[in-house]
Amino acid sequence: MNEELDSQLSAMFDDELPPAECELLARRLSRDEPLKARWGRYAIMGAVIRAERGVRLNAPLAGRVNAVLLAEPALAAHAAPRDLRGSRLHWWQPLAGAALAASVAAVSILWLRAQGPADAPLSAHLRSPPAVSVAPAGAATQGDSYVVPVPKQPAGVTVPSTELANYVVAHSMFSPPVARRNLLSAFMTSEPAAAGTEEPPGDLKGIAQ
Amino acid sequence: MSADASDLSLVRRVQRGDKGAFDALVLKYQHKLVKLVMRYVRNPAEAEDIAQEAFIKAYRALPQFRGDSAFYTWLYRIAINTAKNAVVSRDRSPVEYDLDRNNNDESYDMQGRMKDSETPEGLVLTDEIRSTVNAAIDALPEDLRTAIVLRELEGLSYEEIAAAMECPVGTVRSRIFRAREAIDRRLREVFEGGLGRAEELG
Chain W
0 MNEELDSQLS
10 AMFDDELPPA
20 ECELLARRLS
30 RDEPLKARWG
40 RYAIMGAVIR
50 AERGVRLNAP
60 LAGRVNAVLL
70 AEPALAAHAA
80 PRDLRGSRLH
90 WWQPLAGAAL
100 AASVAAVSIL
110 WLRAQGPADA
120 PLSAHLRSPP
130 AVSVAPAGAA
140 TQGDSYVVPV
150 PKQPAGVTVP
160 STELANYVVA
170 HSMFSPPVAR
180 RNLLSAFMTS
190 EPAAAGTEEP
200 PGDLKGIAQ
Chain S
0 MSADASDLSL
10 VRRVQRGDKG
20 AFDALVLKYQ
30 HKLVKLVMRY
40 VRNPAEAEDI
50 AQEAFIKAYR
60 ALPQFRGDSA
70 FYTWLYRIAI
80 NTAKNAVVSR
90 DRSPVEYDLD
100 RNNNDESYDM
110 QGRMKDSETP
120 EGLVLTDEIR
130 STVNAAIDAL
140 PEDLRTAIVL
150 RELEGLSYEE
160 IAAAMECPVG
170 TVRSRIFRAR
180 EAIDRRLREV
190 FEGGLGRAEE
200 LG
């Protein structure tokens, strides 16, 4: 037996070996049976010196534990399938995503149409400011009000339909082409000629690209 | 020196799928763990069963061990919980030897000792191991004996032993190693002498 190796083993047993050397020796220790047996005898010496009465020094405990663990999968092998399970995509997941995106877009359109007269163009809904009841100035003194005042939007800051269309298209990239075409044609039929000339607001510029 | 680096390097290997590294951890801590469990159960065979269960639980839980605490501290907690649960479930079940224990402690002890088919030969071996190690320690030169006893009995670090013995840390490491080598030569003879085999240390 290599004396330097045994000296390292003794230091490792006492937690006095530098971590880098521990890494190397741990690898060897896990495979080298004579080295492991020596390691086990170091533990016995410690038990005797500490006078651990009642502890049987020849008890085959490690062998019993080892026998039970033989039937178990190694931890890394056991963990790997779980990781794969977590990361694998099922075939239906992109379809579900596409369906969800399309239905969100469709509900948005229907909701916007339902907000005004049936024959009003869609862009009209987009330009008109939301109908919000603003509490009168003295309302706070008269009691609790459940109407939340909304800050006035600066004039001209509306969401143009072209920008909204781009936004919807960008977010329905997984939707089927037919659904996307229907959506765009709905915008086009409701679009007055002037709407296309508006400058998109800054906060939507990045999103629409 | 980073504390627990040796255990942690073995633990990391186990976490990467190396069962042999766990074997080394069991060999290192089995006696301490059995001794700990024997605070809860008197019977050595039962203590070993509980320690075995604690080791297996620890192995299964190792993927969750992050190394925030020392491995032995973590193992210690598992063993304590396992021992407490074992005592509770034993007390709930109508085990006949509880009656024997009340009537005759001596017969209970004999039952406990023979329960795991511990042979008289095995008991002799334990005594032989103990006397061999003690004789080997007594035969050590003073400086080696002091170094190994301060380490194993008092649990001092090499640096603390160096301060106590007024010598460099490297000398302490060498003394402890030479003490172990001297004891191991005698101990190997016991294991290779027919009663046991080196690989049956666990």
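Those protein sequence lines, which keep their order, are chains W and S.
Counting along the first sequence from 1, when you hit position 45 you're at 44 in numbering that gives the first Met the number 0, and nothing is skipped either side.
Counting along the second sequence from 1, when you hit position 34 you're at 33 in numbering that gives the first Met the number 0, and nothing is skipped either side.
From the three backbone atoms N, C-alpha and C, an ideal C-beta is built for every residue, glycine too.
Assuming W/Ile-43 and S/Leu-186 are in contact, meaning their beta carbons sit under 8 Å apart, how far apart are those beta carbons, in whole angstroms?
Right, their Cβ atoms sit about 7 Å apart.
For the region 52-65 of chain W, which residues have a beta carbon sitting closer than 8 Å to at least one beta carbon of chain S?
Against chain S - using a Cβ distance shorter than 8 Å - the residues of the region 52-65 of chain W are Gly-53, Val-54, Arg-55, Leu-56, Asn-57, Ala-58, Pro-59, Leu-60, Ala-61, Gly-62, Arg-63, Val-64 and Asn-65.
Measuring straight from C-alpha to C-alpha, what distance separates W/Glu-32 and W/Gly-39?
10 Å
Going by the beta-carbon positions, is the gap between S/Ile-49 and S/Ala-85 smaller than 8 Å?
yes
Is W/Leu-74 close to chain B, meaning its C-beta is less than 8 Å from at least one C-beta of that chain?
Here chain B cannot be found, since the structure's protein chains are W and S.
Among residues of its own chain, excluding the 5 on either side of S/Pro-167, which ones have a beta-carbon nearer than 7 Å to its beta-carbon?
Ala-161
Alpha carbon to alpha carbon, what distance is there between W/Ala-98 and W/Leu-60?
When rounded, the distance between both Cα atoms is 59 Å.
For S/Ala-134 versus S/Ala-178, is the C-beta spacing smaller than 8 Å?
Taking 8 Å as the Cβ cut-off, S/Ala-134 and S/Ala-178 do not qualify as a contacting pair.
What whole-angstrom Cβ distance do S/Thr-72 and S/Glu-52 have, given they're in contact under 8 Å?
Rounded, the Cβ-Cβ distance is 19 Å, inconsistent with contact.
From S/Asp-137 to S/Arg-144, what does the alpha carbon distance come to, in whole angstroms?
8 Å
Should S/Asn-153 be labelled buried (16 or more other beta-carbon atoms within 10 Å of its own) or exposed?
Looking at the sequence itself, residue 153 of chain S is Glu, so the reference to Asn does not match. With fewer than 16 other Cβ atoms within 10 Å, it is exposed.
W/Arg-55: buried (16+ other C-beta within 10 angstroms of its C-beta) or exposed?
buried
Between S/Arg-174 and S/Arg-150, what straight-line distance do the alpha-carbon atoms span, to the nearest angstrom?
11 Å
Element boundaries [alpha helix (DSSP H), containing W/Gly-45]:
32-48
Is S/Ser-156 helix, strand or coil by DSSP?
Note: S/Ser-156 maps to coil in three-state DSSP.
Rounded to whole angstroms, how far is the Cβ of S/Gly-19 from the Cβ of W/Arg-63, which I believe are closer than 8 Å?
With a Cβ gap of about 16 Å, S/Gly-19 and W/Arg-63 do not count as contacting.
So is S/Asn-42 buried or exposed if we call it buried at 16+ other beta carbons inside 10 Å?
buried
Mark W/Asp-13 as exposed unless 16 or more other C-beta atoms lie within 10 angstroms of its C-beta, in which case mark it buried.
buried
Where W/Ala-70 meets chain S, residues with beta-carbon distance less than 8 Å:
Ordered by position in chain S, no residue passes the 8 Å Cβ test against W/Ala-70, which lies about 11 Å from the chain.
How about W/Leu-68 and S/Tyr-58: are their beta carbons less than 8 Å apart?
yes
Tell me whether W/Asn-1 is buried or exposed, calling it buried when 16 or more other Cβ atoms sit within 10 Å of its Cβ.
exposed
Check whether the Cβ of W/Leu-16 lies closer than 8 Å to any Cβ atom in chain S.
Cβ-Cβ to chain S under 8 Å: yes for W/Leu-16.
Where does S/Val-40 fall in DSSP's three states?
coil
Chain-order list of residues whose beta-carbon lies under 8 Å from that of S/Ala-60 (same chain, five-residue window excluded):
Ile-77
Counting only beta-carbon separations shorter than 8 Å, does W/Leu-28 have a partner in chain S?
yes
What does the Cβ neighbour count give for W/Glu-51, buried or exposed, with the cut at 16 atoms within 10 Å?
buried
Whole-angstrom distance between S/Tyr-39 and S/Val-132, CA atom to CA atom:
28 Å
What is the rounded straight-line gap between the Cα of W/Leu-28 and the Cα of S/Ala-23?
7 Å
Take S/Asp-6 as the anchor and find which of W/Ala-46, W/Glu-20 and W/Ala-113 has the nearest alpha-carbon.
W/Glu-20
Around the C-beta of S/Arg-65, are 16 or more other C-beta atoms found within 10 angstroms, so that it is buried, or is it exposed?
exposed
Three-way DSSP call (helix, strand, coil) for S/Ala-134 in this model
The answer is helix: DSSP assigns S/Ala-134 an H, G or I state.
Using the Cα positions of W/Asp-5 and S/Arg-91, report the straight-line distance between them to the nearest angstrom.
49 Å
So that I know if they touch, is there some Cβ in chain S lying closer than 8 Å to that of W/Val-103?
no
Listed from N- to C-terminal order along the chain, which residues in the region 49-80 of chain S have their beta-carbon within a distance smaller than 7 Å of any beta-carbon of chain W?
Ala-50, Gln-51, Phe-54, Ile-55, Tyr-58, Leu-61 and Pro-62
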